[in-house]
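So for the sequence shown, our numbering puts the first residue at 7; every next one is plus one.
Working notes, beginning with the structure itself.
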Amino acid sequence: MTQASFSLTGKTALVTGARRGIGAAIAAGLAAAGADLILMARDAALEDTLEAIKENGGGAATIVTADFADPAAVEQAAIAAVEGAAAAGRQIDILVNNAGTIRRAPAAATGAADWQHVIDVNLNSTWAVTRPIGAAMVARGSGKIITIASLLSFQGGINVPAYTASKHAVAGLTKALANEWGAAGVQVNAIAPGYISTDNTTDLRADVEREAAIRDRIPAGRWGRPEDLIGAAVFLASAASGYVNGHVLAVDGGWLAR
Numbered sequence: 007m008t009q010a011s012f013s014l015t016g017k018t019a020l021v022t023g024a025r026r027g028i029g030a031a032i033a034a035g036l037a038a039a040g041a042d043l044i045l046m047a048r049d050a051a052l053e054d055t056l057e058a059i060k061e062n063g064g065g066a067a068t069i070v071t072a073d074f075a076d077p078a079a080v081e082q083a084a085i086a087a088v089e090g091a092a093a094a095g096r097q098i099d100i101l102v103n104n105a106g107t108i109r110r111a112p113a114a115a116t117g118a119a120d121w122q123h124v125i126d127v128n129l130n131s132t133w134a135v136t137r138p139i140g141a142a143m144v145a146r147g148s149g150k151i152i153t154i155a156s157l158l159s160f161q162g163g164i165n166v167p168a169y170t171a172s173k174h175a176v177a178g179l180t181k182a183l184a185n186e187w188g189a190a191g192v193q194v195n196a197i198a199p200g201y202i203s204t205d206n207t208t209d210l211r212a213d214v215e216r217e218a219a220i221r222d223r224i225p226a227g228r229w230g231r232p233e234d235l236i237g238a239a240v241f242l243a244s245a246a247s248g249y250v251n252g253h254v255l256a257v258d259g260g261w262l263a264r
């Protein structure tokens, strides 16, 4: 295997939730590997991501807006992205499903609205993006789909019942689609980040005792950074992972090993 196996030159990648955190880091990392970018986010305020893409050697990125709490609108945006790419003589070769949210409360205090919001953003909108883009990949016989799962795709967590349910479902969907689409040349995998310093973990990191307990359990001895996910994303997006399918890759500093 050569360095060329990891090159994404000539490929187009659509990344959801690309405004900050893991999504922004992965978008910049894919650009550095040569990919052109389509960024799907709730709004078009993506200046920091666009600057990071430029700094990593990427060109102008296309921006698509959609509210991930509205799966029907997200599906229409995904269809439009497929059609727009085709009109420009391109195809979406790589899909990174990163958009996600979390709401923290004990299960008994989690109301229907909070539950539905998390499920819509994390699961239903993932499906709404993946179905039309994946169908186009299957039709032409190639493509890479990467969904951001979680340690809570394997564990139960505390005070995050909807998030845990959604991330277990994302792992299951990854395997189901790998089974259906693998023979068509489409690899469907997921990345399960460990405890990463992002907006989603702000409350945990602000709790001195909880933060220390989490960090003490991580064999790496530190919280992860969004940039720690780039290598895994480039690998799963590239030809180097051509025989990897239906896998949930933990990038967790060793958390699951302890």
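Idealized CB from N, CA, C, for every residue including glycine.
Assuming residue i and residue j form a contact by the criterion Cβ under 8 Å, report the distance between their Cβ atoms to the nearest whole angstrom.
i, j, result
"residue 131", "residue 80", "4 Å"
"residue 50", "residue 68", "Actually they do not touch by this definition, with Cβ atoms about 11 Å apart."
"residue 58", "residue 30", "6 Å"
Could you tell me which residues DSSP pairs with residue i in its beta bridges?
i, result
"residue 199", "257"
"residue 230", "202"
"residue 46", "22 and 70"
"residue 252", "Per DSSP, none; premise fails for residue 252."
"residue 192", "149"
Can you find the residues in the same chain that come closer than 8 Å, C-beta to C-beta, to residue i, ignoring five residues on each side of it along the sequence?
i, result
"residue 98", "18, 19, 20, 44, 87, 88, 91, 139, 142, 143 and 149"
"residue 109", "116, 120, 123, 124, 166, 168 and 169"
"residue 206", "27, 106, 107 and 108"
"residue 211", "203, 217 and 229"
"residue 96", "18 and 42"
"residue 209", "110"
Would you say residue i and residue j are within 8 Å of each other, going by their C-beta atoms?
i, j, result
"residue 195", "residue 262", "no"
"residue 240", "residue 36", "yes"
"residue 252", "residue 180", "yes"
"residue 134", "residue 84", "yes"
"residue 197", "residue 255", "yes"
"residue 153", "residue 185", "no"
"residue 23", "residue 47", "yes"
"residue 129", "residue 93", "no"
With respect to the beta strand (DSSP E) encompassing residue i, which residues constitute its N-terminal and C-terminal limits?
i, result
"residue 19", "18-22"
"residue 127", "It is not in any beta strand (DSSP E) - residue 127 carries neither H nor E in the DSSP assignment."
Among the residues of its own chain, which have a CB less than 7 Å from the CB of residue i, if the five just before and after it don't count?
i, result
"residue 162", "170"
"residue 126", "75 and 77"
Grab the span of the alpha helix (DSSP H) containing residue i for me, first residue to last.
i, result
"residue 98", "Here residue 98 belongs to no alpha helix (DSSP H), and DSSP marks it neither H nor E."
"residue 149", "Where residue 149 is concerned, there is no enclosing alpha helix (DSSP H), although the beta strand (DSSP E) it sits in stretches over 149-154."
"residue 51", "That residue, residue 51, is in no alpha helix (DSSP H); it is neither H nor E in DSSP."
"residue 242", "236-243"
"residue 112", "Residue 112 -> no alpha helix (DSSP H), and no H or E assigned at all."
"residue 35", "27-38"
"residue 210", "208-212"
"residue 85", "77-93"
Closer than 6 Å by C-beta to residue i: which residues in its own chain qualify, once you throw out the five before and the five after it? Chain order, please.
i, result
"residue 229", "201 and 203"
"residue 173", "155, 156, 158 and 159"
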